[in-house]
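J.: Okay, here's the structure, questions in a sec.
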Amino acid sequence: MGPWVVEALRSLAKLTPEDPWVTESLASWEEAFDPETLAKLLGPGDQAIDFGGETLHGDVVRTTDLLGNNRYLLLEFWASWCGPCRLEIPHMKQSLRTFPGQGLRNRVLYC
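Under the numbering used here, the letters of the sequence shown match residues 1325 to 1435, in that order.
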């Protein structure tokens, strides 16, 4: 999900202005992607929340484990069935090529 959902819901609201699900969903997504709301989220230099997950092999991996001694950690959450997620793959690869000397490694973790 991303800001594109707001535009999709706006288009749907034009077609079905009386649909309560559409209007409620649109209001919720507009609030979620409001610039003031987004400004309250993590920003450059903020400490990320440590969280973990279990891999397909049953190992528990935490973000602090992945970060190690590096300054940056780039996480990409996606699913093979998600079209917009799959469109992010070339951008992820470009990030890896752009910042090779800054501790950004290509480490794929399947959870």
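Beta carbons are placed, not taken as given, at the ideal position from N, Cα and C, and that holds for glycine.
#1: Helix, strand or coil: how does DSSP classify Arg1334 here?
#2: For Leu1339, is the classification buried or exposed, using 16 other Cβ atoms within 10 angstroms of its Cβ as the cut-off for buried?
#3: For Gln1418 and Phe1401, I'd like the C-alpha separation in whole angstroms.
#4: For the 8 Å Cβ check, are there 3 or more pairs between the segment 1377 to 1393 and the segment 1401 to 1410?
#5: To the nearest angstrom, how far is it from the Cα of Cys1435 to the Cα of Ser1349?
#6: Report the CB separation of Ala1372 from Leu1365 in whole angstroms; it is logged as a contact under 8 Å.
#7: Helix, strand or coil, according to DSSP, for Glu1378 in the structure here?
#8: Starting from the C-beta of Phe1282, find all residues in its chain whose C-beta is less than 8 Å away, skip the five residues before and the five after it, and write them out in chain order.
T.: In terms of the structure at hand:
#1: helix
#2: Leu1339 is exposed by the Cβ-count criterion.
#3: 16 Å
#4: no
#5: Residue confidence for Cys1435 is low, a pLDDT of 48 falling below 50, so the modelled location carries little weight; the figure read from the coordinates is stated next. Between the C-alpha atoms of Cys1435 and Ser1349 there is a straight-line separation of about 29 Å.
#6: The Cβ separation is near 11 Å, so there is no contact.
#7: strand
#8: With the chain running from 1325 to 1435 in the structure shown, residue 1282 is simply not present.
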